[in-house]
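Below is one structure; the comments refer to it alone.
Numbering (the working numbering), first residue to last: 695 to 811.
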């Protein structure tokens with residue numbers, strides 16, 4: 695059962711902790727809130743409303759971190775777009791490569807078979 699994805703309806707606390715962990719991984723990859731929402735929706739089939747809710751709760755609990763993170767994320771995205779426009783590079787960046795690795799981990803997990811939802 696250790697590798698199974700918890701069900702939101704059957705195990706809401708475990709599900710929310712899992713989403714929190716995924717958001718923290720996105721933060722480590724310097725992803726914006728929108729990128730994180732899209733990644734969790736696409737790669738882990740997490741409803742954007744859940745991701746947004748967990749993100750906002752994390753933001754409330756860690757206000758100073760997110761203020762700094764937002765400044766860093768803006769400067770990083772501006773830097774990346776300038777570098778891309780100069781080099782003409784449209785290939786995947788490091789965050790996208792790391793996200794593909796995370797996708798493999800998320801897709802390898804199974805749904806809990808006893809869930810009725």
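For each residue, glycine too, the CB sits at the ideal point set by N, CA and C.
So the alpha helix (DSSP H) residue i belongs to, where does it begin and stop?
i, result
"residue 752", "742-755"
What did DSSP end up calling residue i once you bin it into helix, strand or coil?
i, result
"residue 725", "coil"
"residue 720", "helix"
"residue 705", "coil"
Please identify the residue among the options whose C-alpha is closest to the C-alpha of residue i.
i, options, result
"residue 750", "733, 738, 718", "718"
"residue 716", "756, 735, 757", "735"
"residue 760", "704, 712, 722, 706", "722"
"residue 765", "727, 740, 731, 745", "727"
"residue 702", "763, 762, 740", "740"
"residue 742", "714, 754, 707", "714"
"residue 747", "737, 724, 730, 698", "730"
"residue 737", "720, 724, 752", "720"
"residue 745", "709, 755, 762", "709"
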